[in-house]
Amino acid sequence: MVSRQDLATVGYQTGRVLWGIAALMVIPVVVAIASREWAVVADFLTGMGVALVGGSALVILCRRPSGRVTWTQGMLTAGVSWLVAMVVCAIPSWLSGHYGSFGDACFDVMSGFTTTGLVLIQDLDHVSDGLNTWRHLLSYLGGQGMIVLALTFLARGLPGGYKLYVGEGKDERLLPSVVHTARAIWVISVVYLGLGTLVLGLVAWHEGMPPYRAFLHGMWVFMAAWSTGGFAPHTQNILFYHSAPFEVAAMVFFVLGSFNFGLHHAVWTGNRRELVRNLELQAFAATSVTLSLLVAGVLSARGVYRATVDLFRKAVFQVLSAHTTTGFMTVYPTQIPGQWGDLALVGLTLAMILGGSASSTAGGFKGVRVGLAAKTLVHEVRRLLVPESALVVTRFHFFRDFTLEDRHVRGALFIMGLYSVTFVVAATATVAAGYPVAHSLFEAASATGNVGLTVGVTSPAMPWYLKALYVVVMWAGRLEFMAVLVLLGYAVYRRRLV
């Protein structure tokens with residue numbers, strides 16, 4: 022049963038998240054002023070005002086609840102705050118005039134928050150610097166998490182803050198305190214932000230962009246790469262740059278962004294053995310190499326690309342972009358179903374479903390669950406090969422040594438099952454809307470796994486109900502379902518009381 026105390030906690034924490042959103046709007050305002058985009062400044066000041074007034078109203082009305090945050094409160098806060106923030110963050114986007122409706126603007130904001138990268142924006146090639154900064158900033162924020170932001174800057178010493186953290190789809194505790202863990206995540210991300218902006222900006226400058234434009238493009242592309250978000254400042258995506266060095270730099274950063282924050286922290290603190298022993302990294306390496314060879318082999322055999330450099334820039338880049346759930350593209354969307362063939366399409370779809378690492382910016386099944394499924398398969402085969410009286414013990418390493426137990430298997434298969442069901446529902450709805458089966462499977466995998474690759478299904482011309490379904494699918498996949506299920510359960514409970 023959800024009490025008034027639960028609702029007060031949810032409202033109070035959601036209000037503080039809106040304060041954080043208002044503070045973030047200062048960044049696109051600064052960029053818009055530097056670019057002399059005065060109408061854009063007005064759009065964001067309007068959004069900032071709504072965020073401040075709405076956040077303050079929630080904090081004042083709900084007050085600071087006493088006691089520790091419970092699991093129910095943490096899950097509800099994660100689910101509600103993302104929806105409220107989506108609506109508020111869509112205000113400056115909608116005011117820009119680049120969206121056919123407020124719902125389309127909400128779609129893109131949720132796509133950014135969930136680091137998906139599917140877009141309904143119109144005339145992207147002529148979007149203002151301020152709005153482009155906002156789009157990529159939302160993706161960058163979503164990768165780290167809005168609750169993580171609130172814990173870092175606003176919730177010092179919040180009792181039970183770990184429940185809020187887990188509600189947002191993360192469970193790694195880098196440090197004993199969850200607030201210190203949240204700060205460590207942001208320190209890692211901000212350090213990489215400086216490095217990535219510098220590297221990508223220098224490459225763009227070297228390729229001929231003026232310094233200011235090179236800086237902006239370097240910052241935008243890094244934010245999307247690190248958050249495995251897939252947003253890009255132009256309709257051609259990464260193909261716009263026509264630069265192998267730029268593509269390689271982007272690839273390095275989105276692969277790094279797909280790694281568990283715990284892995285980054287371990288390496289930063291001197292534990293480099295984790296790079297070799299970590300089950301999740303082992304699973305990611307095995308599936309990445311296998312799928313890259315599959316897709317590259319298919320494209321080579323079909324004569325689509327013959328040169329090794331072309332296979333790397335097109336096939337391997339696309340596979341890694343799918344597997345890390347980034348969604349960057351170095352080909353046109355219509356080329357994948359048109360030239361690549363069904364087997365390559367299946368390879369990319371599988372890569373999107375498998376996804377990146379847990380407690381990272383990536384989506385999908387996550388490498389640790391794939392690794393556990395593989396370990397379970399090997400374990401069961403070993404049991405069949407030894408005498409019934411023999412005790413079969415399987416161990417794995419994931420930041421520390423574990424013995425494989427039923428609880429590990431149940432947890433992994435449960436989330437993988439939810440992803441699979443969501444994928445089937447999204448694919449079925451897409452087919453029912455009149456799109457080809459192969460295209461529908463690909464687009465559904467992209468939305469469910471928070472990837473952003475597209476074969477052209479996602480567009481402003483989509484039926485409104487399919488847009489709404491994709492918003493729910495992206496939201497549920499990013500929060501790994503539990504927060505969404507708790508929120509839906511609460512909604513059903515309240516309806517029964519009416």
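Numbering of the sequence shown is given in my numbering, commencing with residue 22 and proceeding in unit increments. Where a beta carbon is used, it is the ideal one built from N, C-alpha and C, also for glycine.
Fully enclosed by the stretch 285 to 365, which alpha helix (DSSP H) runs are 4 residues long or longer? 295 to 298, 300 to 322 and 338 to 344
With D427 as the anchor, note down where its alpha helix (DSSP H) starts and where it stops. D427 to A453
Would L405 pass as a contact of G368 if the rule is Cβ separation under 8 Å? no
Delimiting residues of the alpha helix (DSSP H) encompassing F463: V458 to T469
CB-CB length for V472 against M373, believed under 8 Å: 5 Å
From S410 to T98, what distance separates their C-alpha atoms? 49 Å
Considering only the beta carbon of each residue, do E301 and F419 sit closer than 8 Å? yes
Restricting to Cα atoms, I'd like to know which of F423, G163 and L145 is closest to S381. G163
What's the call for G438, buried or exposed, on a 16-neighbour Cβ count within 10 Å? exposed
My assumption, with CB atoms under 8 Å, is that C83 sits in contact with Y120. Please give the rounded CB distance. Going by Cβ atoms, the distance from C83 to Y120 rounds to 31 Å, so no, they are not a contact pair.
Shortest alpha-carbon distance to S114 belongs to which of V478, V101, D144 and T202? D144
Straight-line gap, R25 to L79 (C-alpha atoms, nearest Å): 14 Å
Where G118 and K335 are concerned, what is the direct C-alpha to C-alpha distance, given to the nearest angstrom? 34 Å
Contact defined as beta carbons within less than 8 Å: I believe T415 pairs with K396. What is the distance between those atoms, to the nearest angstrom? 6 Å
Of the residues H429, A205 and G377, which one's Cα is nearest the Cα of G498? G377
Which of the three DSSP states is assigned to F417 in this structure? strand
For the beta strand (DSSP E) containing T424, name the first residue and the last one. D422 to T424
State the start and end residues of the unbroken alpha helix (DSSP H) segment that holds S77. W59 to C83
How would you call A61, buried or exposed, if buried means at least 16 neighbouring beta carbons within 10 angstroms? What sits at residue 61 in the sequence shown is Val, not Ala. Classification of V61: buried, given that the 10 Å Cβ count is 16 or more.
Rounded Cβ spacing between T451 and T469 (contact assumed at less than 8 Å): About 11 Å separates the two Cβ atoms, so there is no contact after all.
From the DSSP output, in three-state form, read off H119 for me. coil
Go through its chain and collect everything with a Cβ distance to T355's Cβ below 8 Å, but skip five positions before and after it. V476 and G477
Pair within 8 Å by beta-carbon distance, V276 and T346: no
Once you ignore the five residues that flank M230 on each side, which residues in its own chain have a CB closer than 8 Å to its CB? H238
Whole-Å CB distance - G151 paired with P49, under 8 Å assumed: 4 Å
Is Q257 helix, strand or coil when you go by DSSP? coil
Would you report the Cα separation of L45 and C127, rounded to the nearest angstrom? 17 Å
Below 8 Å, can you find three or more Cβ-Cβ pairs linking the stretch 221 to 230 to the stretch 262 to 281? yes
Compute the Euclidean distance between the alpha carbons of F435 and I54, then round it to the nearest angstrom. 49 Å
Taking the alpha-carbon positions, what's the G318 to W40 distance? 51 Å
Is the beta carbon of L159 sitting closer than 8 Å to the one on F134? yes
Can you name the start and end residues of the alpha helix (DSSP H) that L487 belongs to? W485 to R499
Let's see if you can read the secondary structure: which residues bound the alpha helix (DSSP H) around N281? N281 -> no alpha helix (DSSP H), and no H or E assigned at all.
Through-space distance from V52 to A306, alpha-carbon basis: 39 Å
Can you tell me which of Q257, A205, T351 and T202 puts its alpha carbon nearest to the alpha carbon of D529? No answer is possible for residue 529: the residues shown for the chain start at 22 and end at 519.
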